[in-house]
Amino acid sequence: MDFKQTIAFVNLANTLDYQYAAKKSGIMVDELVRTIKALENELNIKLIRPEGGVVELTEIGAKLLPLITEIAQKHAKLLSVVTDYRKKEAEEAIKVAVVPGFANYQAAPVVKKLVQQHKMNIIEDVDPMAQLQ
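Residue numbering for the sequence shown follows our numbering, starting at 2 and increasing by one per position.
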C-alpha cells in the first residue's frame with residue numbers, strides 16, 4: 002500500500018464522488034479508479050461499491066477507513082517533517098560561489114570533499130562576487 006493509494010481511498014471514501022476525489026488527489030478520474038483497484042487487489046478485498054453512479058463503501062471499506070486515514074495523516078506528517086528539515090538544512094548551508102568550469106580546476110576535488118563534509122552548496126556563477134553579496 003503506497004501513499005498515493007491511501008490518499009486516493011481516503012478522498013474517495015470521504016467525498017463518495019470520483020470527480021471531486023480525483024481533483025483533491027491531484028490525479029485524473031481514470032487514474033483514481035486504477036489506484037483504488039490496485040489497492041483492492043493488493044488487499045484482496047472490495048473497498049468501494051459503485052451502484053449506478055453512486056459510490057458506497059463496502060462494510061470492510063468503512064471499517065478500514067479510520068485506519069487508512071491515520072496512515073495517510075502520519076505519512077503526510079512524515080513528509081512535512083522531512084521537508085522542513087531539508088529547508089532548514091539548506092538555509093544553514095554555506096554557499097560556495099565558483100566560476101563556470103570550476104570542475105576543471107585542480108582544487109575542485111578538494112573543495113568538493115569539503116563541501117560534502119561541512120554542509121556546503123556549490124553555486125556556479127559567472128559573477129561569484131554577486132552571490133557573496
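Quick reminder that beta carbons are idealized off the backbone N, C-alpha and C, glycines included.
Just so you know, these numbers come straight off a predicted model, no measurement behind them.
When we look at the beta-carbon of THR36 and count the other beta-carbons within 10 Å, is it buried (16 or more) or exposed?
-> buried
Taking one C-beta from the stretch 77-88 and one from the stretch 58-68 each time, how about it: are there three or more such pairs within less than 8 Å?
-> no
Three-state secondary structure assigned by DSSP to LEU48 | coil
Is LEU17 helix, strand or coil by DSSP?
-> coil
Does the pairing of the stretch 29-48 with the stretch 70-78 give three or more beta-carbon distances under 8 Å?
-> no
Classify TYR106 as buried or exposed, calling it buried when 16 or more other Cβ atoms lie within 10 Å of its own Cβ.
-> exposed
Measure the C-alpha to C-alpha separation of SER81 and SER26 and round it to an integer number of angstroms.
-> 17 Å
Element boundaries [alpha helix (DSSP H), containing ILE72] = 60-93
Same chain, Cβ closer than 6 Å to ALA14, neighbours up to 5 away in sequence not counted | LEU58 and LEU66
When the Cα of GLU92 is compared with those of ASN122, ALA109 and VAL111, which residue comes out closest?
-> ASN122
Reference GLN20, options GLY54, LYS5, LYS120 and PHE4, closest by Cα = GLY54
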